[in-house]
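Engineer: One structure follows; several queries about it will come next.
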Amino acid sequence: MTRIVAGSAGGRAIKVPTVHTRPTSERVREAMFSRLEHRGYIADCNVLDLFAGSGALGLEAASRGAAHVELVESSRPAAQLIRQNAANLGLDVQVHTAKAESWVTLPPRREFDLVLLDPPYALEEDVLGQVLSGLMPHMADDALVVVERSKRSPEPQWPDDLELQDHRDWGDTRVWSAAHRPAGTRLES
């Protein structure tokens, strides 16, 4: 059973699609979101969940007080299940049925402070790189991008405007964080 870990819907179960999704484990979500909250990236933030799958990441963000959450999922049945879960939990989110690589090419309607990506482990690295590059117009300055992959996956191909902050391993899962630093705003070390 997959549950929301904390916030207004904490402890409540969500339904997950039976095929083609790999929900982020509660343990990884708890650790990931504790770090994000500590860094100020949840409360009152605009959050985008690409490759939403079960919607666990975006719904967790909404439960923990994100100002606005949008989830992008290519599977119609999975997107519909995310909508049902959000309604059952009383969470106000927007769900788009689209491929992430297509969605990022649309004109931006808002700037996101936090972008969560949990693509299928089989997704080709160049496609992930294209999605990361396509995100730039959708992101606020100093926004954070979090990418969850298998520990065996190579590091994502970061576009010039994304600066790797760190990575953490939890079991077979590796999570990378990169900050959006548009040209001319990079912090010197």
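If you count the sequence shown from 1, position 136 lands on 137 in this note's numbering, and the numbers rise without skipping. Think of the CB as a built atom: it goes at the ideal place given N, C-alpha and C, for glycine as much as any other residue. These numbers come from a predicted model, not from an experiment.
1) In whole angstroms, what separates the C-alpha of residue 84 from that of residue 171?
2) My output table needs one value for residue 53: the three-state DSSP class, helix, strand or coil.
3) Where does residue 114 fall in DSSP's three states?
4) Within a Cβ cutoff of 8 angstroms, which residues of the same chain sit near residue 187, ignoring the five residues on either side of it in sequence?
5) Measure the CB-CB distance between residue 145 and residue 101 and report whether it falls below 8 angstroms.
6) Just checking, does the segment 114-124 make contact with the segment 133-153 on the three C-beta pairs under 8 angstroms criterion?
7) So residue 102 is in the alpha helix (DSSP H); what residue range does that whole segment cover?
8) Measure the CB-CB distance between residue 30 and residue 90 and report whether it falls below 8 angstroms.
9) DSSP has residue 140 in a bridge; who is on the other side?
10) Do you know how far the Cα of residue 5 is from the Cα of residue 151?
11) For residue 69, tell me which candidate among 158, 147, 46 has the shortest Cα-Cα distance.
12) So for residue 77, helix, strand or coil by DSSP?
Structural biologist: By the coordinates alone:
1) 29 angstroms
2) In the structure shown, the three-state DSSP call for residue 53 is coil.
3) strand
4) In this predicted model, residue 187 has a pLDDT of only 48, less than 50, meaning its place in the structure is not dependable enough to derive any value.
5) no
6) Because the criterion of three Cβ pairs below 8 angstroms is met, the segment 114-124 and the segment 133-153 touch.
7) 101-104 is the extent of the alpha helix (DSSP H) around residue 102.
8) no
9) 113
10) 22 angstroms
11) 46
12) helix
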